[in-house]
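As structure tokens, the structure follows; a few thoughts come after it.
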Amino acid sequence: MIHSFSALIALFIFWLLLSGMYTPFLVAAGAGSAVAVLLIAHRMDVVDHEGHPIHLAWHAFFSYWPWLVKEIIFSAWDVSKRIWHPSLPISPSLAEFVPTQNTDMGLVIHANSITLTPGTISIEVAQGRFLVHALTREGAAGLAGSEMDRRCTSMEVK
Amino acid sequence: MSVVIDVLSALCLVAGSFFCLTGGIGLIRMPDFYTRMHAASIVETLGAGLILLGLMLEAGLTLISVKLAMVGLLVFFASPTASHALARAAFLRGLMPELAKAEDASSKP
Chain D
0 MIHSFSALIA LFIFWLLLSG MYTPFLVAAG AGSAVAVLLI AHRMDVVDHE GHPIHLAWHA
60 FFSYWPWLVK EIIFSAWDVS KRIWHPSLPI SPSLAEFVPT QNTDMGLVIH ANSITLTPGT
120 ISIEVAQGRF LVHALTREGA AGLAGSEMDR RCTSMEVK
Chain L
871 MSVVIDVLSA LCLVAGSFFC LTGGIGLIRM PDFYTRMHAA SIVETLGAGL ILLGLMLEAG
931 LTLISVKLAM VGLLVFFASP TASHALARAA FLRGLMPELA KAEDASSKP
């Protein structure tokens, strides 16, 4: 119930922000569209803690995302330096390791964070097994039991 | 004040363009499919992020900035999913990555 309500509000705000024209007809059309989308989403059975994870929002906004942005900037800078370096100092490696998350949600957040960080791409993702391609040997070695792994797991239990 | 915003915005746009260029050059220099994807991920994170930030500074607190932020969120959620799908498809089709040999000298830039 709380998920439906929050999804409805989010959809309506999304319409209002994209539209920017607030005539009675358009606002009513927005409300109607929000309800229609919510009904379709209900038929698809995606309005739950996975499809609409509001319980993560607070922690994600104020703790995880800022940290992830910092990580992305550092690793993008590192990869950029390697690209401009005349001898192209890369050592592509595959790393297989066991993530500590238990839920699909936690695994998805961890795998997406790995891929979003330049220099590492998650290739295979399963419960208890990640296969990651890294641009450097150091990047591959730092994946198992990383700070990212710890943060994803702590977000999952919230 | 608006001069400060203009300068900050210009810096973000120039830096964003620089990282897009870096990603493009990396795409050409890298040896195989998987390493090329690493170069491309610079474009979609720092490149796109800095350009969007520069445009948002120029737009100020308006609906345009909100829409730019939505574009940023879309890129940040969709691009890792697409990259993962691409890498996984290549891997399942049997394209093995060229791996560095164990005795290679360490690769500090």
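If you read the sequences in order, they're chains D and L. Just so you know, my numbering puts 100 at position 101 of the first sequence, and the rest follows in order with no gaps. Just so you know, my numbering puts 880 at position 10 of the second sequence, and the rest follows in order with no gaps. Virtual Cβ for every residue (Gly too), placed ideally from N, Cα, C. Please read all numbers here as calculations on a predicted model, not as lab measurements.
How many Å lie between residue i and residue j at the Cα?
{"i": "residue 144(D)", "j": "residue 969(L)", "result": "23 angstroms"}
{"i": "residue 4(D)", "j": "residue 77(D)", "result": "43 angstroms"}
{"i": "residue 977(L)", "j": "residue 132(D)", "result": "For residue 977(L), the predicted structure reports a pLDDT of 49, less than 50, and the residue's modelled location is therefore unreliable. The matter cannot be settled from this model."}
{"i": "residue 967(L)", "j": "residue 941(L)", "result": "32 angstroms"}
{"i": "residue 47(D)", "j": "residue 901(L)", "result": "43 angstroms"}
{"i": "residue 117(D)", "j": "residue 896(L)", "result": "12 angstroms"}
{"i": "residue 6(D)", "j": "residue 49(D)", "result": "12 angstroms"}
{"i": "residue 871(L)", "j": "residue 931(L)", "result": "15 angstroms"}
{"i": "residue 18(D)", "j": "residue 29(D)", "result": "9 angstroms"}
{"i": "residue 74(D)", "j": "residue 24(D)", "result": "48 angstroms"}
{"i": "residue 899(L)", "j": "residue 22(D)", "result": "53 angstroms"}
{"i": "residue 890(L)", "j": "residue 912(L)", "result": "7 angstroms"}
{"i": "residue 0(D)", "j": "residue 908(L)", "result": "41 angstroms"}
{"i": "residue 876(L)", "j": "residue 921(L)", "result": "13 angstroms"}
{"i": "residue 83(D)", "j": "residue 906(L)", "result": "14 angstroms"}
{"i": "residue 95(D)", "j": "residue 130(D)", "result": "5 angstroms"}
{"i": "residue 8(D)", "j": "residue 71(D)", "result": "31 angstroms"}
{"i": "residue 41(D)", "j": "residue 10(D)", "result": "14 angstroms"}
{"i": "residue 134(D)", "j": "residue 92(D)", "result": "6 angstroms"}
{"i": "residue 954(L)", "j": "residue 128(D)", "result": "15 angstroms"}
{"i": "residue 929(L)", "j": "residue 881(L)", "result": "15 angstroms"}
{"i": "residue 98(D)", "j": "residue 45(D)", "result": "25 angstroms"}
Of the choices the options, whose alpha-carbon is the least far from that of residue i?
{"i": "residue 935(L)", "options": "873(L), 909(L), 879(L) and 871(L)", "result": "879(L)"}
{"i": "residue 983(L)", "options": "918(L), 930(L), 892(L) and 899(L)", "result": "No answer is possible for residue 983(L): it lies beyond the span of chain L, which begins at 871 and ends at 979."}
{"i": "residue 123(D)", "options": "110(D), 135(D) and 115(D)", "result": "110(D)"}
{"i": "residue 88(D)", "options": "96(D), 95(D) and 79(D)", "result": "79(D)"}
{"i": "residue 120(D)", "options": "2(D), 11(D), 104(D) and 138(D)", "result": "138(D)"}
{"i": "residue 151(D)", "options": "10(D), 114(D) and 59(D)", "result": "59(D)"}
{"i": "residue 2(D)", "options": "43(D), 39(D) and 51(D)", "result": "51(D)"}
{"i": "residue 103(D)", "options": "91(D), 155(D), 66(D) and 134(D)", "result": "155(D)"}
{"i": "residue 893(L)", "options": "910(L), 924(L), 904(L) and 884(L)", "result": "910(L)"}
{"i": "residue 885(L)", "options": "924(L), 939(L) and 938(L)", "result": "924(L)"}
For residue i, which residues in chain D fall below 8 angstroms Cβ to Cβ?
{"i": "residue 872(L)", "result": "What residue 872(L) touches in chain D: nothing, since even the nearest Cβ is about 23 angstroms away."}
What in chain L is Cβ-close to residue i, meaning under 7 angstroms?
{"i": "residue 149(D)", "result": "Ordered by position in chain L, no residue passes the 7 angstroms Cβ test against residue 149(D), which lies about 19 angstroms from the chain."}
{"i": "residue 162(D)", "result": "Shown here, chain D extends from 0 to 157; a query on residue 162(D) therefore has no answer."}
{"i": "residue 19(D)", "result": "933"}
From the DSSP output, in three-state form, read off residue i for me.
{"i": "residue 890(L)", "result": "helix"}
{"i": "residue 125(D)", "result": "strand"}
{"i": "residue 95(D)", "result": "strand"}
{"i": "residue 927(L)", "result": "helix"}
{"i": "residue 27(D)", "result": "helix"}
{"i": "residue 133(D)", "result": "strand"}
Run through chain L and tell me which residues come within less than 8 angstroms of residue i, C-beta to C-beta.
{"i": "residue 33(D)", "result": "Ordered by position in chain L, no residue passes the 8 angstroms Cβ test against residue 33(D), which lies about 16 angstroms from the chain."}
{"i": "residue 1(D)", "result": "Neighbours of residue 1(D) on chain L: none; closest Cβ ~22 angstroms, over 8 angstroms."}
So with CB distances below 7 angstroms, who are the chain D contacts of residue i?
{"i": "residue 970(L)", "result": "90, 91, 92 and 136"}
{"i": "residue 958(L)", "result": "122 and 123"}
{"i": "residue 921(L)", "result": "Ordered by position in chain D, no residue passes the 7 angstroms Cβ test against residue 921(L), which lies about 14 angstroms from the chain."}
For a contact meaning CB atoms closer than 9 angstroms, what does residue i contact in chain L?
{"i": "residue 16(D)", "result": "933, 936, 937 and 940"}
{"i": "residue 8(D)", "result": "By Cβ distance, chain L contributes nothing, its closest Cβ being about 16 angstroms from residue 8(D), past 9 angstroms."}
{"i": "residue 38(D)", "result": "Per Cβ cutoff of 9 angstroms: no residues; residue 38(D) is ~23 angstroms from chain L at best."}
What does residue i reach in chain D if we use C-beta pairs closer than 9 angstroms?
{"i": "residue 916(L)", "result": "71, 72, 75, 76, 79 and 117"}
(message) What are the residues in the region 932 to 954 of chain L lying within 8 angstroms of chain D by C-beta distance?
(response) Across the region 932 to 954 of chain L, CB contacts with chain D closer than 8 angstroms involve 933, 936, 937, 940, 946, 947, 949, 950, 951, 953 and 954, in sequence order along the chain.
(request) Would you list, in chain order, the members of the region 40 to 68 of chain D that have their beta-carbon closer than 7 angstroms to a beta-carbon of chain L? (result) Those residues of the region 40 to 68 of chain D that come within reach of chain L (Cβ to Cβ, closer than 7 angstroms) do not exist; the list is empty.
(request) Output, in sequence order along the chain, the residues in the region 106 to 137 of chain D whose CB is closer than 7 angstroms to any CB in chain L. (result) Under the 7 angstroms Cβ criterion, the region 106 to 137 of chain D contributes 110, 111, 114, 115, 117, 118, 120, 121, 122, 123, 132, 134, 135 and 136.
(request) Anything in the region 874 to 899 of chain L with a Cβ closer than 7 angstroms to a Cβ of chain D? List those residues in chain order, please. (result) Taking 7 angstroms as the Cβ-Cβ cut-off, the region 874 to 899 of chain L approaches chain D at 889, 892, 895, 896 and 899, given in chain order.
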